[in-house]
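> Residue numbers (this note's numbering), protein chains in the order written: chain A, 12 to 381; chain B, 291 to 663.
#1: Distance check for residue 30 of chain A and residue 487 of chain B, CA to CA, integer angstroms please.
#2: In this structure, how does DSSP classify residue 602 of chain B when only helix, strand and coil are distinguished?
#3: Could you pull out every residue in the same chain whose Cβ sits closer than 8 angstroms to the Cβ of residue 550 of chain B, ignoring the five residues on either side in sequence?
#4: With residue 372 of chain A as the anchor, note down where its alpha helix (DSSP H) starts and where it stops.
#5: Does the ligand PLP have a heavy atom nearer than 7 angstroms to the CB of residue 150 of chain A?
#6: Residue 311 of chain B to residue 589 of chain B, Cα distance in whole Å?
#7: What are the partner residues of residue 105 of chain A, as DSSP defines its beta bridges?
#8: I'd like the span of the beta strand (DSSP E) that includes residue 328 of chain A, first residue to last.
#9: If contacts are defined as beta-carbon pairs under 8 angstroms, then residue 659 of chain B and residue 553 of chain B qualify, I think. What distance do you get, rounded to the angstrom?
#10: Which stretch, first to last residue, makes up the alpha helix (DSSP H) that contains residue 394 of chain B?
#11: Label residue 579 of chain B either buried or exposed according to how many other C-beta atoms from any shown protein chain fall within 10 Å of its C-beta, with 16 as the threshold for buried.
#12: Considering residue 279 of chain B, what are the terminal residues of the alpha helix (DSSP H) in which it resides?
#13: Which value, in whole angstroms, describes the spacing of the CA atoms of residue 376 of chain A and residue 259 of chain A?
#14: Following the continuous beta strand (DSSP E) through residue 490 of chain B, name the residue where it begins and the one where it ends.
#15: Anything in chain B within Cβ reach of residue 40 of chain A, meaning under 7 angstroms, just list it in chain order.
#16: With DSSP as the reference, label residue 171 of chain A as helix, strand or coil.
#17: May I ask you to report which of helix, strand or coil DSSP gives residue 188 of chain A?
#18: Relative to the C-alpha of residue 119 of chain A, which residue among A:23, A:172, A:45 is closest?
#19: Which residues of the stretch 422-443 of chain B have a Cβ closer than 7 angstroms to any Cβ of chain A? Give them in chain order.
#20: Quick check on the DSSP output: the alpha helix (DSSP H) that includes residue 532 of chain B runs from which residue to which?
#21: Please state whether the Cβ-Cβ distance between residue 357 of chain B and residue 293 of chain B is less than 8 angstroms.
#22: Between residue 247 of chain A and chain B, is there a C-beta pair that is closer than 8 angstroms?
#23: Please confirm if residue 152 of chain A has its CB atom under 8 angstroms from at least one CB of chain B.
#24: At a CB-CB cut-off below 9 angstroms, which residues of chain B make contact with residue 252 of chain A?
#25: Count the other C-beta atoms from every protein chain shown that fall within 10 angstroms of the C-beta of residue 366 of chain A, then say buried if there are 16 or more, exposed otherwise.
#26: List the residues that DSSP assigns as beta-bridge partners of residue 223 of chain A.
#27: By the DSSP assignment, the beta strand (DSSP E) with residue 423 of chain B in it spans what residues?
#28: Which ranges does the beta strand (DSSP E) cover as unbroken runs of at least 3 residues, wholly within the stretch 305-370 of chain B, from first to last along the chain?
#29: Among B:531, B:442, B:650, which one has its Cα closest to the Cα of residue 370 of chain B?
#30: So, is the C-beta of residue 230 of chain A closer than 8 angstroms to a C-beta in chain B?
#31: Three-state secondary structure (DSSP) at residue 620 of chain B?
#32: I'd like to know if the stretch 113-127 of chain A and the stretch 77-85 of chain A are in contact, where contact means that at least 3 CB-CB pairs between them fall below 8 angstroms.
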């Protein structure tokens, strides 16, 4: 194997690849990167078995070949080099990296041991606006569960209904649902559940904002084509629980309030809340929302009242302050609408500027201690 | 050699698995049970290779005989680098995830080098609830097509009941393309609910001839030495390997010191010295000490009754052992001494407190020794 390329080019791609390389793994081979020198192209790949990444780019290849190199060591060496042309030359067992004033030799891992990168039976292929996808990701993945007893909730549900494409995530305490019109996705036979890991790395890859991201739906995996870089993730076994039934169809109470004021008050009051439940009390009456908490452990209590527009009977509810704060960061605009029905039913949170059919969050109340 | 062919003995287990594979009727969960060091690990690996082999071998009747051991999947599986093989192995207490990974990788390396080796640790080992959770999380992710994922709980009895309970659903209904293999010394040590959800396969002690053959093939031993180790091993290759004298081993030196004290000194000082030297917090080391005593005893038997000094395991200690052997004048007392030690050895593997157990052993052995002299 022999190829040469510039330091900056390689280091850029390595940085992307490193997002996927696990720092420590029960399979030590996974801390390596697979280099494949092809016809005038270099292909570098890494995987943590759940998510795989491959970068393919033009490169001056003088001799084709394969090598598996330790990711961190390689990146640390390349990172420290001054900008210059670097030559890689070697066999599958040892590679020499030639730099202007010297050389580094690294022993390779066995290419046989490197996991087979996923192959895909393509069921459907679409392309989506990059910004669009990133927004959908950012507004949904935060609500994923980490509880392994309900594995389906560990992922984001990607489904279609009519001409709408939905991403839904929930952990049973809160739910986020974002829906956009997209006719391209129609015909995906079943809903798929995507692990949040791959979704969370997509926004990190710098790209032109008008660029489109190709998405290939496979039977067992999903592929995101980001130009030079291809991300593949396995899917989570379904079925996803029927989330529709927890979204209240009707609410008889509606609260419109300044997002900044609400977020600030919740943040401050929650400092005194119970460190396990983070419970804060929301009391709405006569166009005033009072947020309060008492904490017997610390021996303190906090209370703030914020003016709001409120339609409905007076109500008191308990919420986990962290969940409220999380949700408020996802809502756009200066104001936020909260629809309520009873002290035990889910509250619907959305922005006045975006209809709730397009983006809504649900938050389950906590039982208030009398 | 191919994976199944490589396995010493366990013909029934191999036959059941190969036949079920051919009939496409492999169970979703297996429970391999039997003594340590008889090949449960090796068979689990062979089964993983068989279900993932790209070119499995067939006989003239078209029946599958083995995995090829050569294809890309087989090579990774035999190298223990296969991504779809999820081992859950009991580990000693650890402080961090990364320490746990290091410990696990050490064990994997040990097993790669010697699949029959018996894991021993200073501290009590467990399969943690975190491992169980990780496995459940991984199992929820779809296996790649054309691959059979194998989830392997090694020494399942080392998992806390509460953690084992949380796995019932997974064990009852593994996700598609997934086989779960559990191993245990005795199935009765596992929850009844786990036993009833898995197909049990018994692993038998291996014949001494086969162990001898294996030892000669892998270690620098004479036929006589290997034969003796095989006879001492109670049908377990792992135990035979542990018995191989490592002249440099500090444990062996301490073990010999204790053994000499036991035989040469009076009872109170023997109890005192041995209690001093034994490390009650290190079960693995104590098991090693007992294995060493077993080999010293075997040598004394040879010195007293054998005809050929080639049969001696601990050749470097020959002259000292010869002196010790003179302490056993009466063969009746000596046979009781040996029998009692043997009995103790097998019960020690159950969970007993190390110090009181060893003290009782020394008292009893001294009693037979006094009869003998």
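Idealized CB from N, CA, C, for every residue including glycine.
On the basis of the data shown:
#1: If I take the Cα positions, the gap works out to 40 angstroms.
#2: Here residue 602 of chain B sits in coil by DSSP.
#3: Cβ neighbours of residue 550 of chain B beyond the five flanking positions: 610, 614.
#4: For residue 372 of chain A, there is no enclosing alpha helix (DSSP H); the residue is found in the beta strand (DSSP E) stretching over 370-374.
#5: Within the structure as shown, the ligand PLP is missing, as the structure has no ligands at all.
#6: Taken atom to atom, the span from the alpha-carbon of residue 311 of chain B to that of residue 589 of chain B is near 46 angstroms.
#7: DSSP lists A:118 as partners of residue 105 of chain A.
#8: Residue 328 of chain A -> beta strand (DSSP E) spans 326-331.
#9: The pair is a contact, with the Cβ atoms about 7 angstroms apart (cut-off 8 angstroms).
#10: For residue 394 of chain B, the enclosing alpha helix (DSSP H) starts and ends at 387-403.
#11: Counting Cβ neighbours within 10 Å, residue 579 of chain B comes out buried, since at least 16 surround it.
#12: In the structure as shown, chain B starts at 291 and stops at 663, and residue 279 of chain B therefore has no counterpart that could be examined.
#13: For residue 376 of chain A and residue 259 of chain A, the gap between their C-alpha atoms comes out near 13 angstroms.
#14: Per DSSP, residue 490 of chain B belongs to the beta strand (DSSP E) from 489-492.
#15: Within 7 angstroms Cβ-Cβ: 371.
#16: Judged by DSSP in its simplified three-state form, residue 171 of chain A adopts strand.
#17: Residue 188 of chain A sits in a strand when the DSSP states are folded into three classes.
#18: The shortest C-alpha to C-alpha distance from residue 119 of chain A to any of A:23, A:172, A:45 is the one to A:45.
#19: Flagged, chain order: 423, 426, 427, 430, 431, 432, 434, 435.
#20: Residues 527-533.
#21: Residue 357 of chain B places its beta carbon less than 8 angstroms from that of residue 293 of chain B.
#22: Yes, contact with chain B.
#23: Residue 152 of chain A does not count as touching chain B.
#24: Correct list: empty, because the minimum Cβ distance to chain B is about 14 angstroms.
#25: Residue burial is scored here from C-beta neighbours: residue 366 of chain A has fewer than 16 other C-beta atoms within 10 angstroms and is therefore classed as exposed.
#26: DSSP output for residue 223 of chain A lists A:140 as bridge partner(s).
#27: Membership of residue 423 of chain B in any beta strand (DSSP E) is not indicated; the residue belongs instead to the alpha helix (DSSP H) covering 419-430.
#28: Complete beta strand (DSSP E) runs here, min 3: 319-323, 354-356.
#29: Per the Cα distances, B:442.
#30: So, interface residue.
#31: In this structure, residue 620 of chain B counts as coil in the three-state DSSP scheme.
#32: Yes, they touch.
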